[in-house]
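Reading the sequence shown from the start, the letters are residues 1 to 149 in full-length UniProt numbering. We put the CB at the ideal spot given by N, CA and C, even for glycine. Remember, predicted model here, so these are calculated numbers, not experimental data. Below is one structure, written out as structure tokens, with a few remarks after it.
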Amino acid sequence: MIDAGRLAGYLAERYSEPHQISSDRALFDYTQALKQRHLRNAPPLDKVCYDAKLRIIQHALGTHTRATQVQGSRLKARREIRVATLFRDAPAEFLKMIVVHELAHLKELDHNKAFYALCKHMEPAYGQLEFDLRLYLTQLDLDGKEAKA
């Protein structure tokens, strides 16, 4: 498809639906809604935001972090999800795939069989979306847009 120049057309036809989630607050609300629907008993999230440095520094598209702080005699855990800003302009399905991936880390830390089963539970087309996201990133590289993201 790349050699024939058909990859961009394939992706545009298959993933034409944009999303309106451009602010950190909207991303937090979107993530909370997915979490409430699929992972009600998972620990609460303190922050969900877009991160412009994520792709460049950590070579990641999203991260899930846990930080434990001591406050007096108690421990307080903060959980954050950061999503690469490149997903502000990505198709809606790819944003959902990344959010589902990071939410699955609330229950499963490693990328094991249970992790992917949880991802498929939240998004049945997870495997295809993950593959097509790799194609999308390849197309961005070919177009020279990756450096700007």
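Option in the options with minimal Cα separation from residue i
{"i": "VAL99", "options": "TYR136, GLU80, LYS113, ALA114", "result": "GLU80"}
{"i": "GLN20", "options": "LYS53, LYS120, ALA8, LEU95", "result": "LEU95"}
{"i": "PRO91", "options": "ILE2, ALA4, LEU7, ALA12", "result": "ALA12"}
{"i": "TYR30", "options": "GLY9, GLU93, ARG14, SER73", "result": "GLU93"}
{"i": "ALA26", "options": "VAL83, ALA42, GLY9, ARG14", "result": "VAL83"}
Cβ neighbours of residue i in the same chain (closer than 8 Å, five flanking residues each side left out)
{"i": "GLU123", "result": "LYS96, MET97, VAL100, LEU129"}
{"i": "GLY144", "result": "none"}
{"i": "ALA42", "result": "LYS35, LEU103, LEU106, LYS107"}
{"i": "GLU17", "result": "PRO91, ALA92, GLU93"}
{"i": "TYR136", "result": "LEU11, TYR15, ALA90, PRO91, PHE94"}
Residue i - partner residues in DSSP beta bridges
{"i": "LEU75", "result": "VAL70"}
Beta-carbon proximity check, residue i vs residue j, cutoff 8 Å
{"i": "TYR50", "j": "ARG78", "result": "no"}
{"i": "GLN139", "j": "LEU7", "result": "yes"}
Sequence-distant residues of the same chain with beta carbon closer than 6 Å to residue i, five excluded per side
{"i": "ALA52", "result": "THR85"}
{"i": "PHE115", "result": "ALA104, GLU108"}
{"i": "ILE57", "result": "Because ILE57 carries a pLDDT of 45, less than 50, the predicted location of this residue cannot be relied on, and no value is offered for it."}
{"i": "residue 154", "result": "This structure cannot speak to residue 154, because the chain is shown only from 1 to 149."}
{"i": "ALA48", "result": "In the sequence as presented, Ala is not what sits at residue 48; that position holds Val. The answer, listed in chain order, is LEU27, PHE28, THR31, ILE81."}
Cβ shell of residue i (< 7 Å), same chain only, five flanking positions each side left out
{"i": "LEU118", "result": "ALA104, LYS107, GLU108"}
{"i": "GLY5", "result": "none"}
Check: residue i C-beta below 7 Å from any heavy atom of the ligand HEM
{"i": "LEU135", "result": "Annotation note on the ligand HEM: not contained in the displayed structure, which lists no ligands."}
Beta carbon proximity, residue i to chain B, threshold 8 Å
{"i": "ASP24", "result": "The structure shown contains no chain B; it holds only a single protein chain."}
The region 28 to 38 contacting the region 99 to 114, beta-carbon criterion three pairs below 8 Å: yes
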